[in-house]
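In terms of numbering that gives the first Met the number 0, the sequence shown opens at residue 0 and continues consecutively.
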Amino acid sequence: MSTIAGSARIHAMAVVEDGAVIGEGVTVGPFCHVGPKVVLHDNAELLAHVVVTGRTEIGKGTRIFPMAVIGGDPQSVHHGGEETTLTVGENCTIREGVTMNTGTADFGGKTIVGDNNLFLANSHVAHDCRVGNHVIMSNNVMLAGHVTIEDRVILGGGSAVHQFTRVGRQAFVGGLSAVSYDVIPYGMLNGNPGLLGGLNVVGMTRAGIDRAVIHTVRRAYKAIFEGSGSIRDNAAAIRNEYADCEPVMQILDFIAAESDRALSSPTRGQKG
């Protein structure tokens with residue numbers, strides 16, 4: 000039997016399968032389908048024609064719009080039907096036609112989406128992705144498998160992120176961009192192939208980062224990407240100089256971390 004809180008509102012034309020757990024104040028609209036291993040936490044809302052399936056957990060206050068399919072099997076030829084999971088955090092808005100898949104067994108079996116995120120129509124979160132908090136994915140954004148999107152990233156409409164790629168906190172990716180390499184925190188990437196075009200100064204300003212700090216990050220960015228050595232060598236060389244600037248240290252730590260992908264730069268992948 001399903002566990003349905005007394006204050007939940009389940010439309011007569013919705014299907015909630017036995018085993019689902021429905022919290023207080025949850026709304027399940029007409030023609031929705033909630034699978035037997037789904038957990039909908041308090042005040043979650045499925046408007047209409049929403050499918051939530053698989054071993055999927057939806058956080059408090061998250062709203063899901065029509066035609067979204069959340070918790071479907073991973074779109075991977077390596078998936079053998081194992082039971083894997085999708086966790087979506089609190090207060091997310093998931094608009095029409097969004098798809099999110101569970102993980103794959105070979106990589107831990109978990110897809111994890113954080114809190115306060117906005118997923119616009121027809122965007123896609125593939126298997127084993129990690130999406131942080133306060134992220135905006137615009138219409139038709141596509142995340143391939145194993146992608147990491149850190150906090151407060153904005154992805155412009157139609158952009159596509161290659162598998163295993165990382166996008167650092169508060170980076171901005173322009174519409175229709177092809178993200179083939181890691182994007183540093185606070186970076187701004189545009190184009191196909193995507194090229195790093197500087198810092199997301201507008202986003203940094205809106206986040207309340209002091210102007211003097213932004214100028215410091217600009218100096219560090221120039222030293223990293225215009226220095227005489229490799230990007231990683233340049234980053235390592237300035238670490239002590241910028242030890243008291245948190246945003247710069249976030250960039251340096253991101254560059255130093257192990258990754259399956261190379262780093263985006265102002266020139267990497269440029270044709271001609």
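Ideal placement from N, C-alpha and C gives every residue a C-beta, glycine not left out.
Just so you know, these numbers come straight off a predicted model, no measurement behind them.
So residue i and residue j are supposed to be a Cβ contact under 8 Å. How far apart are they, rounded?
| i | j | result |
| --- | --- | --- |
| L198 | Y180 | Not quite, the Cβ-Cβ distance comes to about 17 Å (not below 8 Å), so this is no contact. |
| S264 | L195 | 5 Å |
| I21 | E44 | About 12 Å; that fails the 8 Å criterion. |
| E81 | A104 | 4 Å |
| V27 | V15 | 6 Å |
| E23 | A4 | 4 Å |
| N189 | G173 | 4 Å |
| A120 | E95 | 5 Å |
Is it the case that the Cβ atoms of residue i and residue j are separated by a distance below 8 Å?
| i | j | result |
| --- | --- | --- |
| V152 | V178 | no |
| I213 | I223 | no |
| L39 | P65 | no |
| T84 | T98 | no |
| P35 | A19 | yes |
| P192 | G131 | no |
| V33 | A7 | no |
| F253 | I208 | no |
| F106 | H78 | no |
| V49 | V87 | no |
| T164 | R260 | yes |
| C244 | T204 | no |
| V140 | L154 | yes |
| A219 | Y241 | yes |
Can you determine whether any heavy atom of the ligand SAH sits closer than 7 Å to the C-beta of residue i, and answer yes or no?
| i | result |
| --- | --- |
| M187 | This structure lacks the ligand SAH, and indeed carries no ligand of any kind. |
If I follow the unbroken alpha helix (DSSP H) through residue i, where does it start and stop?
| i | result |
| --- | --- |
| T215 | R210 to E225 |
| R54 | Per DSSP, R54 belongs to no alpha helix (DSSP H); it is in the beta strand (DSSP E), R54 to I57. |
| G254 | This sequence places Ile at residue 254; Gly is not what is there. Its alpha helix (DSSP H) spans residues E245 to A255. |
| I237 | Where I237 is concerned, there is no enclosing alpha helix (DSSP H), given that its DSSP letter is neither H nor E. |
Determine, for residue i, whether the minimum Cβ-Cβ distance to residues of chain C falls below 8 Å.
| i | result |
| --- | --- |
| R151 | The structure shown contains no chain C; it is built from a single protein chain. |
Bridge partners for residue i per DSSP, in chain order?
| i | result |
| --- | --- |
| M282 | Since the displayed the chain opens at 0 and closes at 271, residue 282 lies outside it and no answer follows. |
| L45 | V27 and I63 |
| H32 | V14 and V50 |
| R165 | T147 |
| M141 | H123 and A159 |
| N189 | L194 |
| V38 | V20 and E56 |
| R129 | I111 and T147 |
| L175 | The partner list for L175 (beta bridge, DSSP) is empty, contrary to what the question assumes. |
| T2 | V20 |
| T103 | Beta-bridge pairing links T103 to no other residue. |
| R260 | DSSP, once it has assigned bridges, lists no residue as partnering R260. |
| I230 | None, per the DSSP bridge assignment. |
| R205 | Per DSSP, none; premise fails for R205. |
Could you tell me the boundaries of the beta strand (DSSP E) in which residue i lies?
| i | result |
| --- | --- |
| V68 | V68 to G71 |
| I183 | Careful: I183 lies outside any beta strand (DSSP E) and carries neither H nor E. |
| L274 | Not covered by the structure: residue 274. The range shown for the chain is 0 to 271. |
| M12 | Per DSSP, M12 belongs to no beta strand (DSSP E) and is neither H nor E. |
| G197 | L194 to L198 |
| V112 | K109 to V112 |
| M99 | T98 to N100 |
The stretch 242-254 touching the stretch 156-168, judged by at least three CB pairs closer than 8 Å: yes
Segment contact, 8 Å Cβ cut-off, at least three pairs: the stretch 122-133 with the stretch 63-79: yes
contact_flag[the stretch 226-246, the stretch 152-163] where n(CB pairs < 8 Å) is 3 or more: no
Three CB pairs or more closer than 8 Å across the stretch 85-105 and the stretch 56-65: yes
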